[in-house]
Ligand SMILES: NC(=O)c1ccc[n+]([C@@H]2O[C@H](COP(=O)([O-])OP(=O)(O)OC[C@H]3O[C@@H](n4cnc5c(N)ncnc54)[C@H](O)[C@@H]3O)[C@@H](O)[C@H]2O)c1
Ligand SMILES: [Zn+2]
Ligand SMILES: [Zn+2]
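Numbering (mature numbering (1 follows the signal peptide of the UniProt record, and there is no 0)), first residue to last: -17 to -1, 1 to 485.
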């Protein structure tokens, strides 16, 4: 019988047991060792064993803690074969490997129970991913391995991914560990699910989410915020709940970005960071709802709560800013002023609902002074969609006193903004938004419905579609202000991923 004291607990819930003990205990190969994951249900503590040598063999153990003596029950699944399968990017999930499974269970204690969460674990696939090896350097396309999903995880075939300014920010920045697979604005198809996953199954169309919604925590239960913190620390650190990434290159761990990493043909995400969407949604369009468009649109309609006949200024006319303009128009604002230093964005801004556009470089006065003049005292709502602390101050100061609201949408991890106390005292509100204040899991499918029902534009944001191999062109265009959003097509000529049989 396996006892609790035979298992050694390591940080982040990862357990390792002596390989010889496992071999003695029941046939798990000692040569390569085995990893174990701890997960808890209401009644039991379960351990999931991964045989690292055979990889396609797994065993779960239920250790009942309710009785005086800790007892174990084992159940075993053996995947004995794996084969390549073909797939269609447009309509179905491709199974990286298929496996035949035989299950048996042996009870080692009369008072033990059996597990109910057996899943097929396939072998590690090789697929293409754009890897950032060092900050500021171009990405390189590599054959990475994407390990099977562990408990409460889902492996997705990524079909399309937008390139967001935040990807660029973290490519140049010093805030994440490298090597790293960036990308967080995507859509794909569920390829396989790990143990305890109940809400997703193979073939589901999904949008991975950099902001989770577990539905159970204090924040999820509050209508005041969308900021669930499930898996927050580990996904910000580039790893999954067990402290490791599912992506590797020749045995070297490659970090995941915001728990997503969509610049990879396959990725693994927590099941609380995934929205299931309708099956007729075009993935190469709705991927934009994974970040930029949802964020900007929500910044206007949910965070700012723009009112009918109000005046608005939107700073920065990239995808996020244009979506904010779309939100201001949906809220029936009567004056919507687009502000950008790149006048080539003005035509699109008008298409999305801007009533006027201003280039700060065309004026001797500050942009806040220009806007105060244009609106006889300031706008009711200002939305900063650039990510510059200087522009944030301008946006705040361009709001009307007494009730003006400024929403910070642009991203900055370490910089501070300069705000005069007097401006706050005069009744202005300054707030920020993460993912447009949407409750991610429940709201993203509704935004997909809005697009399908032609209440929300998406196609108009997409100015380029490129294969993964050309991803550096997308970053280059973003830096130069060419186009709005580039969508990366991960499977331009549907290919079959190879299977690493270890
Ligand atoms: N809060 C969130 O949850 C969230 C989510 C997504 C993106 N973001 C952030 O939103 C910002 C916009 O993202 P994007 O993908 O639309 O970026 P983008 O690069 O496509 O667009 C930025 C726009 O700002 C303009 N700009 C630059 N300097 C300016 C200035 N001084 N005044 C006016 N305009 C200026 C650029 O010309 C460009 O048109 C980024 O900072 C991004 O990181 C935040
Ligand atoms: Zn983004
Ligand atoms: Zn939560």
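C-beta atoms are modelled at their ideal positions from N, C-alpha and C, and glycine is treated no differently. None of these values were measured; they are calculated from a predicted model.
Between the segment 118 to 132 and the segment 152 to 166, are three or more C-beta pairs nearer than 8 Å? These segments touch.
In angstroms, rounded to a whole number, what distance separates the CA positions of residue 175 and residue 319? Residue 175 and residue 319: Cα-Cα distance of roughly 45 Å.
I'd like to confirm the pairing. Which residues does DSSP put opposite residue 342 in its beta bridges? In DSSP, residue 342 forms no bridge with anything.
Straight-line gap, residue 433 to residue 445 (C-alpha atoms, nearest Å): Whole-angstrom Cα-Cα distance: 17 Å.
Drop a sphere of 10 angstroms on the beta-carbon of residue 436, count the other beta-carbons inside from all chains shown, and report buried for 16 or more, exposed for fewer. With fewer than 16 Cβ atoms within 10 Å of its Cβ, residue 436 is classed as exposed.
If I measure Cβ to Cβ from residue 465 and keep anything under 6 Å in the same chain, skipping five residues before and after, which residues do I get? The answer is none, since no qualifying residue turns up.
Excluding the five sequence neighbours on either side, which residues of its own chain have a C-beta within less than 7 Å of the C-beta of residue 143, listed in chain order? Taking residue 143 as the centre and dropping the five residues before and after it, the same chain places the C-beta of 169, 170, 266, 267, 270, 470, 471, 472, 473 closer than 7 Å to its C-beta, in chain order.
Does DSSP classify residue 472 as helix, strand or coil? Strand, per DSSP.
C-beta contact flag for residue 146 and residue 461 at 8 Å: Yes; because the gap between Cβ atoms is below 8 Å, this pair is in contact.
I'd like the list of long-range same chain contacts for residue 123, defined as Cβ closer than 8 Å, with 5 residues on each side in sequence excluded. For residue 123, where only same-chain residues beyond five positions count, the Cβ hits under 8 Å are 113, 114, 116.
Contact the segment 321 to 335 vs the segment 395 to 411: 3+ CB pairs below 8 Å: Put simply, the segment 321 to 335 does not touch the segment 395 to 411. Fewer than three CB pairs are less than 8 Å apart.
So, for residue 291: in the same chain, excluding its five sequence neighbours on each side, which residues have a beta-carbon less than 7 Å away from its beta-carbon? 314, 315.
Using beta-carbon positions only, say whether residue 382 and residue 362 come within less than 8 Å of one another. For residue 382 and residue 362, yes; Cβs fall inside 8 Å.
Cβ shell of residue 274 (< 8 Å), same chain only, five flanking positions each side left out: The answer, listed in chain order, is 145, 147, 149, 167, 168, 193, 418.
Any alpha helix (DSSP H) of 4 or more consecutive residues that is wholly inside the segment 379 to 450: With a minimum length of 4 residues, the continuous alpha helix (DSSP H) runs that stay inside the segment 379 to 450 are 404 to 408, 423 to 435.
Would you tell me roughly how many angstroms separate the C-alpha atoms of residue 367 and residue 282, rounded to the nearest one? The alpha-carbon atoms of residue 367 and residue 282 are separated by roughly 10 Å.
Skipping 5 residues on each side, what residues in its chain have a beta carbon closer than 6 Å to that of residue 428? Cβ neighbours of residue 428 beyond the five flanking positions: 258, 260.
When you compare each of 371, 458, 249, 110 to residue 191 by their alpha carbons, which one comes out closest? 249 is the residue among 371, 458, 249, 110 whose C-alpha sits nearest the C-alpha of residue 191.
Check whether the Cβ of residue 460 sits closer than 7 Å to any heavy atom of ligand 2, and report yes or no. Checking every heavy atom of ligand 2 against the Cβ of residue 460, none is found closer than 7 Å.
Can you check DSSP and say which residues form a bridge with residue 168? Answer is 145.
Excluding five sequence neighbours on each side, which residues of the same chain lie with their C-beta closer than 7 Å to the C-beta of residue 276? Cβ neighbours of residue 276 beyond the five flanking positions: 302, 306, 441, 444.
What residues are listed by DSSP as bridge partners for residue 249? Looking at the DSSP assignment, residue 249 forms a beta bridge with 140.
Could you tell me the distance, in whole angstroms, from the CA atom of residue 525 to the CA atom of residue 247? Since the displayed the chain opens at -17 and closes at 485, residue 525 lies outside it and no answer follows.
How many angstroms separate the CA atom of residue 239 from the CA atom of residue 137? Those two C-alpha atoms are separated by around 14 Å.
Go ahead and label residue 196 buried or exposed: buried means 16 or more other beta carbons lie within 10 angstroms of its beta carbon, across all protein chains shown. Residue 196 should be labelled buried.
Kindly list the residues whose CB is nearer than 6 Å to the CB of residue 213, restricted to its own chain and excluding five residues on each side of it in sequence; keep chain order. Correct list, in chain order: 195, 197, 255.
Answer yes or no: the CB of residue 387 versus the heavy atoms of ligand 1, is any distance below 7 Å? Between ligand 1 and the CB of residue 387, the shortest heavy atom gap is not smaller than 7 Å.
Express the C-alpha separation of residue 206 and residue 311 in angstroms, rounding to a whole number. Rounded to whole angstroms, the gap between the alpha carbons of residue 311 and residue 206 is 22 Å.
Less than 8 Å between the C-beta atoms of residue 140 and residue 262, yes or no? No.
Enclosing beta strand (DSSP E) for residue 321 [first to last residue]: Where residue 321 is concerned, the enclosing beta strand (DSSP E) stretches over 318 to 322.
Once you ignore the five residues that flank residue 401 on each side, which residues in its own chain have a CB closer than 6 Å to its CB? Once the five neighbours on either side are set aside, the close Cβ partners of residue 401 are 376.
Chain-ordered residues, beta carbon under 6 Å from a heavy atom of ligand 2: This selection yields 147, 149, 167, 168, 274, 275.
Residue range of the unbroken beta strand (DSSP E) whose run includes residue 311: No beta strand (DSSP E) contains residue 311, which is instead part of the alpha helix (DSSP H) from 302 to 313.
Delimiting residues of the alpha helix (DSSP H) encompassing residue 210: That residue, residue 210, is in no alpha helix (DSSP H); it is neither H nor E in DSSP.
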